[in-house]
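Colleague:
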Amino acid sequence: MYKNLSIRFKLILSFSVITLLIVILSIYSNYSISKSADGFSDYRRIAKNSLLISSLENSMFMMRLSIANFLNLEESKYIDSFNKFYLETDSLAKESKANITNPERIRLIEEINSLLPKYKEAFLSVVNLMKNENQILEEQIDKNGKEVDNKLSTIINKNQENGKADISLQYSKVLKDFLLARIYVMKFIESENEEHYNRVNKEFSNLEEKIKVLKTTDSSELKDALEYLNLYKNGVKEIHKTINERNSIVEGELYKIGPKIGDLSEEIIISIKEDQSVLGSDISNLNDNIKSLVSIISIIILVICIFIAILLPRNINNLLNTFQDGLFSFFSYLNRETLKAELINLDSK
Numbered sequence: 001m002y003k004n005l006s007i008r009f010k011l012i013l014s015f016s017v018i019t020l021l022i023v024i025l026s027i028y029s030n031y032s033i034s035k036s037a038d039g040f041s042d043y044r045r046i047a048k049n050s051l052l053i054s055s056l057e058n059s060m061f062m063m064r065l066s067i068a069n070f071l072n073l074e075e076s077k078y079i080d081s082f083n084k085f086y087l088e089t090d091s092l093a094k095e096s097k098a099n100i101t102n103p104e105r106i107r108l109i110e111e112i113n114s115l116l117p118k119y120k121e122a123f124l125s126v127v128n129l130m131k132n133e134n135q136i137l138e139e140q141i142d143k144n145g146k147e148v149d150n151k152l153s154t155i156i157n158k159n160q161e162n163g164k165a166d167i168s169l170q171y172s173k174v175l176k177d178f179l180l181a182r183i184y185v186m187k188f189i190e191s192e193n194e195e196h197y198n199r200v201n202k203e204f205s206n207l208e209e210k211i212k213v214l215k216t217t218d219s220s221e222l223k224d225a226l227e228y229l230n231l232y233k234n235g236v237k238e239i240h241k242t243i244n245e246r247n248s249i250v251e252g253e254l255y256k257i258g259p260k261i262g263d264l265s266e267e268i269i270i271s272i273k274e275d276q277s278v279l280g281s282d283i284s285n286l287n288d289n290i291k292s293l294v295s296i297i298s299i300i301i302l303v304i305c306i307f308i309a310i311l312l313p314r315n316i317n318n319l320l321n322t323f324q325d326g327l328f329s330f331f332s333y334l335n336r337e338t339l340k341a342e343l344i345n346l347d348s349k
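Now the structure itself:
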């Protein structure tokens, strides 16, 4: 069938096929490049979100570290450090919410945004309670404890001067019990151990029993000491209440909210990495498909060009030879070298 086609039609057909293949190649290449570019844009956006959440997680860790250092050292620089990283974390959380489009990740980042103010509020409450604790220690416990020491020492010295050695000895025992109570008060403040607080109460009970006996013998001298002692005991009760309240916030809020925000951040990062893996694989497969299709179409075009380069010249050469033989036959007839002239057999025009 192809042999019966004219040379003109063969050329038109061949170049039409080549043109069509080139058009298909161009369209697919533009589509694939556009899709690949979109994929790279998505990958870059996801990578940016991953960097944001990683930075948020790091800032959150620094906040938690600032809190731990403040609880151990009570230095104001760690409050400043907390405030610095809180502002950074809050900004990153808001920026992440504005950039993230995945519904599940939006839910997680919104939960982080809701927990951050609670975390800050809890820490500031702990700071205020620790300041109050120090104030109680300084203004009530230390101050009144020294006053009790001084008053009891004055009573002891006075009774010794007056020759009342037995009463002086009893007051000395009271002072000894009070000093022992003060030691356990400081142990409790340092360790925050309830056993030490219970021991404080036990020493106070022993102290009160001895004071009851002494009240009958020298109640006027004990009045000032007892007033300071009551202030001291009230201070111990207040600092015990303050420590428990502070520990309740630390353990019930700070030690729960901090890790919770860290877990939420890690969950988002894992989700983003999974998307990155899938998207990276898709982009790689798309690029491989582009390479394969372009190679296939290029090979087809090359084959057609080779086919045209070989077949058409041969076909034209055959036609020219046929035409030449026909002319020789015609001229032989004109010269009377043959008796008849044969028609030129041309299949193509």
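Numbering (this note's numbering), first residue to last: 1 to 349.
All residues carry an ideal CB built from backbone N, CA and C; glycine is no exception.
1) DSSP three-state label for Lys-260, please.
2) Select from Asn-72, Leu-73, Phe-82, Tyr-43 the residue whose C-alpha is nearest the C-alpha of Gly-258.
3) When burial is assigned at 16 or more other CB atoms within 10 Å of the CB, is Phe-307 buried or exposed?
4) Between which two residues does the alpha helix (DSSP H) containing Lys-151 stretch?
5) Ends of the alpha helix (DSSP H) at Val-250?
6) Comparing alpha-carbon positions, which option in Tyr-171, Phe-123, Lys-273, Glu-138 lies nearest Leu-71?
7) Alpha carbon to alpha carbon, what distance is there between His-240 and Phe-178?
8) Where does Glu-192 sit, in a helix, a strand or coil, going by DSSP?
9) Please confirm if the segment 134 to 142 is in contact with the segment 255 to 274, defined as three or more CB-CB distances below 8 Å between the two stretches.
10) Please list, in chain order, all residues of the same chain as Ile-12 whose beta carbon is under 8 Å from its beta carbon, the five residues on each side excluded.
11) Whose C-beta lies closer than 6 Å to the C-beta of Ile-112 among residues of the same chain, with five residues either side of it excluded?
12) With the cut-off set at 8 Å, would you say Thr-101 and Met-60 are in Cβ contact?
13) Just curious, the alpha helix (DSSP H) that Ile-112 is in, first and last residue?
14) Go ahead and pull the three-state DSSP assignment for Ile-18.
15) Helix, strand or coil for Ile-301 per DSSP?
16) May I ask you to report which of helix, strand or coil DSSP gives Ile-100?
17) Leaving out the 5 sequence neighbours to the left and right, which residues in its chain are closer than 8 Å to Ile-156 when beta-carbon positions are compared?
18) Out of Leu-25, Asn-198, Leu-129, Ser-41, state which residue places its alpha-carbon closest to the alpha-carbon of Ser-248.
19) Starting from the C-beta of Asn-108, find all residues in its chain whose C-beta is less than 7 Å away, skip the five residues before and the five after it, and write them out in chain order.
20) Looking only at its own chain, which residues have a Cβ that is under 7 Å from the Cβ of Ser-96, when we skip the five neighbours before and after it?
21) May I ask you to report which of helix, strand or coil DSSP gives Lys-241?
22) Between Asp-42 and Leu-137, what straight-line distance do the alpha-carbon atoms span, to the nearest angstrom?
23) Going by other Cβ atoms of all chains shown within 10 Å of its Cβ, with 16 needed for buried, is Phe-9 buried or exposed?
24) Whole angstroms is fine: what's the gap from Glu-208's alpha carbon to Asn-162's?
25) Among Glu-274, Ala-181, Ser-284, which one has its Cα closest to the Cα of Glu-203?
26) To the nearest angstrom, report how far apart Lys-131 and Ser-205 are at their CA atoms.
27) Look at the Cβ atom of Lys-120, then the Cβ atom of Tyr-86, and state whether they are nearer than 8 Å.
28) Cα separation between Glu-147 and Met-62?
29) Where does Arg-105 land, buried or exposed, given buried means 16+ other C-beta within 10 angstroms?
30) Tell me whether Phe-15 is buried or exposed, calling it buried when 16 or more other Cβ atoms sit within 10 Å of its Cβ.
31) Since Ile-24 and Ile-297 are thought to touch, with beta carbons under 8 Å apart, how far apart are those beta carbons, to the nearest angstrom?
Modeller: According to the data block:
1) DSSP places Lys-260 in helix when its eight states are reduced to three.
2) With distances taken between Cα atoms, Gly-258 lies closest to Phe-82.
3) Here Phe-307 is exposed. Its C-beta has fewer than 16 other C-beta atoms within 10 Å.
4) Residues 143 to 161.
5) Membership of Val-250 in any alpha helix (DSSP H) is not indicated, and neither H nor E is assigned to it by DSSP.
6) Out of Tyr-171, Phe-123, Lys-273, Glu-138, Phe-123 has the C-alpha closest to the C-alpha of Leu-71.
7) Phe-178 and His-240: Cα-Cα distance of roughly 18 Å.
8) In the three-state scheme derived from DSSP, where H, G and I count as helix and E and B as strand, Glu-192 is classed as coil.
9) Too few Cβ pairs lie closer than 8 Å, so no.
10) Apart from the 5 residues on each side of it in sequence, Ile-12 has no Cβ closer than 8 Å to any other Cβ in its chain.
11) Excluding sequence neighbours, Ile-112 sits near Ala-93, Ile-261, Leu-264.
12) No. Outside cutoff.
13) DSSP places Ile-112 in the uninterrupted alpha helix (DSSP H) bounded by 103 to 136.
14) DSSP places Ile-18 in helix when its eight states are reduced to three.
15) Of the three classes helix, strand and coil, the one that applies to Ile-301 here is helix, per DSSP.
16) Secondary structure of Ile-100 (DSSP, three-state): coil.
17) The answer, listed in chain order, is Ser-168, Tyr-171, Ser-172, Leu-175.
18) Measuring from the Cα of Ser-248, the nearest candidate turns out to be Leu-129.
19) According to the sequence as given, residue 108 is Leu; it is not Asn. For Leu-108, same chain residues with a beta-carbon under 7 Å away, outside a window of 5 residues either side, are Leu-264, Glu-267, Ile-268 in chain order.
20) Taking C-beta separations shorter than 7 Å and ignoring five residues to either side along the sequence, the partners of Ser-96 in its chain run Asn-49, Leu-52, Ile-53, Leu-56, Ile-109, following chain order.
21) Lys-241 falls in the helix class under three-state DSSP.
22) Within the model, the alpha-carbon separation for Asp-42 versus Leu-137 is close to 59 Å.
23) An exposed status is given to Phe-9, since fewer than 16 other beta-carbon atoms sit within 10 Å of its beta-carbon.
24) Spanning the two alpha carbons is a distance of roughly 25 Å.
25) For the set Glu-274, Ala-181, Ser-284, the Cα lying nearest the Cα of Glu-203 is the one of Ala-181.
26) Lys-131 and Ser-205 have their C-alpha atoms roughly 29 Å apart.
27) Yes.
28) So the alpha carbons of these two residues sit roughly 44 Å apart.
29) Classification of Arg-105: buried, given that the 10 Å Cβ count is 16 or more.
30) An exposed status is given to Phe-15, since fewer than 16 other beta-carbon atoms sit within 10 Å of its beta-carbon.
31) 7 Å between Cβ atoms; contact.
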